[in-house]
Amino acid sequence: MSATRLQTAPDMSGQVRFDSDGARLSVQGRLTIDSFEHLDRDVIAQQASRAEVVDIAQLSHMDTAGAWFLLDLAGRTSAGAASVITGASDAQTLLIEAVRTNLPPKAAGAKPAVRLVDHFETLGRRVALAGSHALEMLSFLGQVIAAMARVIRHPRALRLTSVVHHCQQVGLQAVPIVALMAFLIGVVLAFQGSAQLRQFGAEVFVVDLIAISILRELGILLTAIIVAGRSGSAFTAAIGSMKMREEIDAMRTLGLDPVAILVVPRVLALVLMLPALGLIANVSGLFGGALMSWIELDVSPAVFQARLVSNTDVWHFNVGMIKAPVFALIIGIIGCYQGMKVGGDAESLGRQTSASVVMAIFMVIVADALFSIFFAIVGV
9 MSATRLQTAP DMSGQVRFDS DGARLSVQGR LTIDSFEHLD RDVIAQQASR
59 AEVVDIAQLS HMDTAGAWFL LDLAGRTSAG AASVITGASD AQTLLIEAVR
109 TNLPPKAAGA KPAVRLVDHF ETLGRRVALA GSHALEMLSF LGQVIAAMAR
159 VIRHPRALRL TSVVHHCQQV GLQAVPIVAL MAFLIGVVLA FQGSAQLRQF
209 GAEVFVVDLI AISILRELGI LLTAIIVAGR SGSAFTAAIG SMKMREEIDA
259 MRTLGLDPVA ILVVPRVLAL VLMLPALGLI ANVSGLFGGA LMSWIELDVS
309 PAVFQARLVS NTDVWHFNVG MIKAPVFALI IGIIGCYQGM KVGGDAESLG
359 RQTSASVVMA IFMVIVADAL FSIFFAIVGV
């Protein structure tokens, strides 16, 4: 096979030549940045893919750009392994190694095939991580209960001003959105229920549908979801920002308990205000349902009230109110716990705030499902 010879510069510098078998790439002359203008790099790279050795013994001049070009050619072999650069002087070797050291890392190759055992391994890690988080949250719950017990034993330790402030933030400022949401839910229930019950001439039973749905489930559940998104995220952001500024560490240094100062007032405020918000949601939802029943079904407010009082068991209302403190405790504990887990960067604050909202809403729905099963078993 005849040797392949490629002219790469007009003055014969930087000339690239293959020997007869194409396994050796010989570089002669000057290989500097000035010679790149005349190089046909695509053709050279194609020829270099078959080379096993790059010989630079006849290379008279080489700069950093030339060293990078040689390393690039040596790595283009189709055999998989990089070609060997030979014939370099001591100075050229030092330059090539310096360039090789500072090259950016290559992109990772194709990922190995995922085995079935890898899926089980990933699942196991996630289960272990979830178990670790559950234990941490139980530990945090124990700290909160212990702090509340100290407050009960020593009432003067309660920060009443902080509790009142958080009651205003959690309760009073949430009344408009909770009332509007519950009103619209009542309207939707009445409208959708009437459309179905009208087919059987049972329009009057829409009162029972609205009353049981709102008093027992939807009123307190949707209120808890709104509070979780509104106040739970606020708790996480407030405590997390203090954690980022190392204010919580400063409190511990001064001998102050962050749980008693930051967590207990927030949790108490939620436990006090969520039942009140649930009551407002119930009244607003019933009002919305009554209004739509009057408009859509011609059920007068007097008839709606009479059927509501006569056919609705008071335990439907009690069930919703029993759930409220538990939902409040869940939202408060999760919101404050996620705030305590914030690291020193803003990304951590956003991540924990998002996790706080998602986890609080999820746990509220799980608790509501467990309550439903329990009350069904006891016959309430």
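The working numbering puts the first residue of the sequence shown at 9, with every later residue one more than the last. Glycine included, C-beta positions come from ideal geometry on N, C-alpha and C.
- Taking a contact to require three or more Cβ pairs closer than 8 angstroms, the stretch 228 to 248 and the stretch 339 to 358 qualify as touching.
- Each residue's CA atom was taken as its position, placing Ala187 and Arg133 some 43 angstroms apart.
- A distance below 6 angstroms between beta-carbons, with the five flanking residues on each side excluded, links Gly293 to the following residues of its chain, in chain order: Ala190, Ile193, Gly194, Ile222, Gly227.
- Minimum Cα-Cα distance from Val62 among the listed residues His324, His69, Ala82 corresponds to Ala82.
- Here Phe128 is exposed. Its C-beta has fewer than 16 other C-beta atoms within 10 Å.
- In the DSSP assignment, Ile93 is bridged to Val62.
- The alpha carbon of Ala368 has as its nearest neighbour, out of Arg108, Gly351, Val215, Ile234, the alpha carbon of Ile234.
- Within the same chain, and ignoring the five residues on either side of Met250 in sequence, the residues whose Cβ sits closer than 7 angstroms to its Cβ are Ile256.
- Between His173 and Arg238, the alpha-carbon positions lie close to 16 angstroms from each other.
- A direct Cα-to-Cα measurement between Leu39 and Leu111 gives close to 19 angstroms.
- Closest in alpha carbon position to Leu337, among Gly296, Ala277, Val365, is Ala277.
- For the 7 angstroms CB-CB criterion, Val267 and Gln360 do not form a contact.
- Judged by beta-carbon spacing, Ala236 lies beyond the 7 angstroms limit of Ile330, meaning their Cβ atoms are not closer than that value.
- With a beta-carbon spacing of about 52 angstroms, Met70 and Leu124 fall beyond the 8 angstroms limit used to define contacts.
- Taking 7 angstroms as the cut-off, the beta carbon of Ala289 is found closer than this to the beta carbon of Thr231.
- For Gly296, the number of other beta carbons within 10 angstroms of its own is at least 16, and it is reported as buried.
- For Arg253, the secondary structure class from DSSP, reduced to helix, strand or coil, is coil.
- Excluding sequence positions up to five before and after Phe383, its CB lies within less than 7 angstroms of the CB of Val327, all in the same chain and listed in chain order.
- Close CB contacts of Asp80 within its chain, under the 7 angstroms cut and outside five residues either way in sequence, are absent.
- Distance from the CA of Leu197 to the CA of Arg161, rounded to the nearest whole angstrom, comes to 47 angstroms.
- In its chain, beyond the 5 residues on either side, Ser308, Pro309, Phe312 have a beta carbon closer than 8 angstroms to the beta carbon of Trp302.
- The continuous beta strand (DSSP E) containing Ser68 extends over residues 67 to 70.
- Beta-bridge annotation (DSSP): Leu39 is paired with Met70.
- In the structure shown, the three-state DSSP call for Arg108 is helix.
- Around the beta carbon of Glu211, 16 or more other beta carbons lie within 10 angstroms, which makes this residue buried.
- The beta carbons of Pro273 and Ser170 sit closer together than 7 angstroms.
- Annotation: the continuous alpha helix (DSSP H) that includes His173 extends over 168 to 178.
- Annotation for His127: the continuous alpha helix (DSSP H) segment containing it runs 124 to 161.
- Under the 10 Å beta carbon count, Gln176 is surrounded by fewer than 16 other beta carbons and is classified as exposed.
- Within 10 angstroms of the beta-carbon of Ala65 lie fewer than 16 other beta-carbons, which makes it exposed.
- In this structure, Ser364 sits near Ile342, with a CB-CB distance shorter than 7 angstroms.
- Put simply, the backbone Cα of Ala375 is about 15 angstroms away from that of Ala142.
- Counting only residues of its own chain and dropping the five nearest sequence neighbours on each side, Met145 has a CB closer than 8 angstroms to the CB of Ile341, Ile342, Tyr345.
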